[in-house]
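So the mapping is simple: this note's numbering equals the position in the sequence shown, first residue as 1, plus 87. First comes the structure, then the notes that go with it.
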Amino acid sequence: MEHFREWKHIFKLDPNKEISDDALEKICESGTDAVMIGGTDGVTEEKVVNLMARVRRYSVSCVLEISDMDAVAPGFDLYFIPSVLNSKRKKWLVDAHVEAVKKYGPLINWDEIVMEGYCILNPESKAAALTEAAADLSLDDLLAYAQVAEKMFHFPVFYLEYSGTYGDPETVAKVKSALSDTVLFYGGGIRTPEQAEAMARHADCIVVGNSLYTDLENALKTVKAAKGAK
Numbered sequence: 088m089e090h091f092r093e094w095k096h097i098f099k100l101d102p103n104k105e106i107s108d109d110a111l112e113k114i115c116e117s118g119t120d121a122v123m124i125g126g127t128d129g130v131t132e133e134k135v136v137n138l139m140a141r142v143r144r145y146s147v148s149c150v151l152e153i154s155d156m157d158a159v160a161p162g163f164d165l166y167f168i169p170s171v172l173n174s175k176r177k178k179w180l181v182d183a184h185v186e187a188v189k190k191y192g193p194l195i196n197w198d199e200i201v202m203e204g205y206c207i208l209n210p211e212s213k214a215a216a217l218t219e220a221a222a223d224l225s226l227d228d229l230l231a232y233a234q235v236a237e238k239m240f241h242f243p244v245f246y247l248e249y250s251g252t253y254g255d256p257e258t259v260a261k262v263k264s265a266l267s268d269t270v271l272f273y274g275g276g277i278r279t280p281e282q283a284e285a286m287a288r289h290a291d292c293i294v295v296g297n298s299l300y301t302d303l304e305n306a307l308k309t310v311k312a313a314k315g316a317k
């Protein structure tokens, strides 16, 4: 189940937001490598299952990024589990994961689990507030977190989460250079094909979410831009 390492582009859908059938068809048929379902607040099992069922009408890979243990559902291709490395609360680094294993352990197919070492970098975001992330990080901090994720924790994914704001492509390039085997995901503020291409030159995979709800046509263009980036 290591095919996620080849992905260049992901569309992320929030189960707490409305998306029309027409828009969902365009998203799922866009050529994106996967549709990821996940959000910060208002995520329930019912909403997750309903959205998954709609995405499953299409052949695109459908994955769940778990933010709430009570909103986990079977039927996804993969389950991405964030460990927020720059959180001030141990809950978001490991405690929630321990509780999940205690609750679901016998049911877990470990081949479907992908751990993500997260760094949340927008201090004004809901994600930063929820996880109490120390989001004001220097480049040296980020490079160290990247190496901790890969060399110490052996996470398959290191995720730079700018959460609604557009980051610095040069910073992303330097973080990428610190990684050798761990895959670099970038998410945050990508609204145009140009922004997608700029980030996709450095990150292994870009994640586009918010713009699906604000400017669908430009969001759809990010697929081709990301896959054509050199």
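The beta-carbon is built from N, C-alpha and C at its ideal position, and this holds for glycine as well. These numbers come from a predicted model, not from an experiment.
Inclusion of S174 and A220 in the CB contact set at 8 Å is warranted, their separation being smaller than that value. The criterion of a C-beta distance shorter than 8 Å is not satisfied by A187 and I207.
When C-beta atoms of the region 111–129 are compared with those of the region 175–186, fewer than three pairs fall below 8 Å, so the two segments do not count as touching. In terms of Cβ geometry, T252 and N209 form a close pair [threshold 8 Å].
Between G125 and L151, the C-beta gap is smaller than 8 Å, which places the two residues in contact. Approximately 10 Å separates the beta-carbon atoms of T309 and V294; this is outside 8 Å, ruling out the contact.
In its chain, beyond the 5 residues on either side, A160 have a beta carbon closer than 6 Å to the beta carbon of V136. One Cα belongs to I195, the other to A260, and the distance between them is close to 35 Å. Between the alpha carbons of V262 and P169 lies a distance of about 18 Å.
Among the bridge pairs identified by DSSP, I97 is matched with A121 and V294. Close CB contacts of K134 within its chain, under the 8 Å cut and outside five residues either way in sequence, are with P102, N103 and A158 (chain order). A direct Cα-Cα distance of roughly 17 Å separates A233 from R92.
Residue pairing from DSSP leaves E186 without any beta-bridge partner. The criterion of a C-beta distance shorter than 8 Å is not satisfied by V130 and F167. Just measuring C-alpha positions, the residue of V171, E281 and G276 sitting nearest E203 is V171.
Given a length threshold of 4 residues, each whole run of the alpha helix (DSSP H) inside the region 187–267 is given here in chain order: 213–218, 226–234 and 256–264.
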